[in-house]
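In what follows, a structure is listed as structure tokens, so that the remarks can point back to it.
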Amino acid sequence: MAEPLILTLACPDRPGITARVTGFLFERNCNILDAQQFNDRASNGGEDRFFMRVVFDPDGSTPEALRTDFASLASDFGMEWKMAAEDRPRRTIILVSKFDHCLVDLIYRWRTGELAIDPAAIVSNHPRDAAIRVDIGDIPFHHIPVTPDTKPKAEAAFRTLAEETDAELVVLARYMQVFSDEQSAHFAGRCINIHHSFLPGFKGARPYHQAHARGVKIIGATAHFVTADLDEGPIIHQDVERITHADSPEDLVRKGRDIERRVLAEAVRLFVEERVLMNAGRTVVFRG
Numbered sequence: 079m080a081e082p083l084i085l086t087l088a089c090p091d092r093p094g095i096t097a098r099v100t101g102f103l104f105e106r107n108c109n110i111l112d113a114q115q116f117n118d119r120a121s122n123g124g125e126d127r128f129f130m131r132v133v134f135d136p137d138g139s140t141p142e143a144l145r146t147d148f149a150s151l152a153s154d155f156g157m158e159w160k161m162a163a164e165d166r167p168r169r170t171i172i173l174v175s176k177f178d179h180c181l182v183d184l185i186y187r188w189r190t191g192e193l194a195i196d197p198a199a200i201v202s203n204h205p206r207d208a209a210i211r212v213d214i215g216d217i218p219f220h221h222i223p224v225t226p227d228t229k230p231k232a233e234a235a236f237r238t239l240a241e242e243t244d245a246e247l248v249v250l251a252r253y254m255q256v257f258s259d260e261q262s263a264h265f266a267g268r269c270i271n272i273h274h275s276f277l278p279g280f281k282g283a284r285p286y287h288q289a290h291a292r293g294v295k296i297i298g299a300t301a302h303f304v305t306a307d308l309d310e311g312p313i314i315h316q317d318v319e320r321i322t323h324a325d326s327p328e329d330l331v332r333k334g335r336d337i338e339r340r341v342l343a344e345a346v347r348l349f350v351e352e353r354v355l356m357n358a359g360r361t362v363v364f365r366g
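Per our numbering, the sequence shown starts with residue 79, numbered consecutively.
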């Protein structure tokens, strides 16, 4: 039996979209296994937008034939759409600096089958013995040093690596280098970053120590798409944890790392399961 396919789409909202999509699948004897939709009537300058995610059993129809047939319908509605195999691991490059807790968590979830990624490479701006302290097995490791003078060359080398490995997703797992505007644009919509997020926000060195000094009551983390606006890309997932007066700065660091790793892992899961659709500067996330 053919594996299920995932259809995602976004287009201007109008009557009949759901009927046409489900009718298309019915006419080809495809069985819908899960369907979610959202009508956005509050953003995009007043233009109503429609978003949909459908998981279906193709019942013998090839993905290529379905894509060819669906293209005509998609054109009628002005759709941005994608049809992908549900079970296919997404080729992923993970970038890391000297904090490897997020990397370790992603590798663990991949090895246990929880996360449908195919690690194509691990990249660091530090040598391997300084960047990671976990067995990465046969995953290729690449050391690409970055300095102010060499940054353009280093970013070009990374783009070449991403192209050679057919990377579909880039994950910044506490990678402590800021992408240039050119690099951010090149990987738009397929590069996820994780960073601490507090109320109020603390930037610069030792953010958890800053948070402790201000007596915060909540710490958190945000996973988002990378854009030219530093740490302000469309948000995919967030989580928080309460802090008390008894927590030391070291406690905040420990709890912060735990939030960071689980928020990033969930964002990656949502992405590879085709649950994240772009909606201007925001995202539509179909939970499951």
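Where is the CB? At the ideal position from N, CA and C, for every residue including glycine.
Is the beta carbon of Ala343 sitting closer than 8 angstroms to the one on Leu193?
yes
Can you have a look at Ile337 and say buried or exposed, based on whether 16 or more other CB atoms are within 10 angstroms of its CB?
buried
Can you look up Gly215 in the DSSP assignment and give me helix, strand or coil?
coil
Would you identify the three-state DSSP class for Ser275, choosing helix, strand or coil?
strand
For the pair the region 171-190 and the region 231-248, tell me if three or more CB-CB distances fall below 8 angstroms.
Because the criterion of three Cβ pairs below 8 angstroms is met, the region 171-190 and the region 231-248 touch.
Can you tell me whether Glu158 is helix, strand or coil according to DSSP?
strand
Own chain, CB closer than 7 angstroms to Tyr253, minus 5 neighbours either side, in chain order:
Leu173, Val174, Ser175
Could you check where the beta strand (DSSP E) with Cys89 kicks off and where it finishes?
83-90
In terms of DSSP beta bridges, what is Glu319 paired with?
Ile297
For Arg206 versus Asp178, is the C-beta spacing smaller than 8 angstroms?
Between Arg206 and Asp178, the CB-CB gap reaches or exceeds 8 angstroms.
Three-state secondary structure (DSSP) at Ala80?
coil
Quick check on the DSSP output: the alpha helix (DSSP H) that includes Asp329 runs from which residue to which?
327-350
Whole angstroms is fine: what's the gap from Asp307's alpha carbon to Ala113's?
33 angstroms
Leaving out the 5 sequence neighbours to the left and right, which residues in its chain are closer than 8 angstroms to Glu43 when beta-carbon positions are compared?
Since the first residue shown for the chain is 79 and the last is 366, residue 43 is missing from the structure and cannot be characterised.
Rounded straight-line distance, which links the Cα of Ser262 to that of Thr228
17 angstroms
For Ile195, the first and last residue of its enclosing beta strand (DSSP E):
195-202
Could you check how far apart the C-beta atoms of Cys89 and Gly156 are, in whole angstroms? I think they sit under 8 angstroms.
With a Cβ gap of about 5 angstroms, Cys89 and Gly156 count as contacting.
Is DSSP giving Arg145 helix, strand or coil here?
helix
When Arg365, Arg131, His302, Phe219 are compared against Leu111, the one with the closest alpha-carbon
That would be Arg131, whose Cα lies nearest to the Cα of Leu111.
Helix, strand or coil at Cys180 according to DSSP, with G and I counted as helix
helix
If you check the beta carbons only, do Thr305 and Gln316 fall under 8 angstroms apart?
In this structure, Gln316 does not lie closer than 8 angstroms to Thr305 by Cβ.
Other residues of its chain near Val362: CB distance less than 6 angstroms, five sequence neighbours each side excluded
Phe116, Phe129, Leu355
Out of Val133, Leu83, Tyr186, point me to the one whose CA is closest to Asp196's CA.
Tyr186
When the Cα of His204 is compared with those of Gln255, Gly334, Thr146, which residue comes out closest?
Gln255
Whole angstroms are fine: how far does the CA of Asp325 sit from the CA of Pro226?
Between Pro226 and Asp325, the C-alpha separation is close to 37 angstroms.
Which parts of the region 91-129 are runs of the alpha helix (DSSP H), unbroken and 4 residues or longer, counting only runs that do not cross its ends?
95-105
Does DSSP classify Ala163 as helix, strand or coil?
strand
In three-state DSSP terms, what is Asp135?
Here Asp135 sits in strand by DSSP.
Taking the C-alpha atoms as reference points, what is the distance between Thr140 and Phe148?
12 angstroms
Return the CA-CA distance between Pro312 and Gly267, expressed in angstroms with no decimal places.
Cα to Cα, Pro312 sits roughly 9 angstroms from Gly267.
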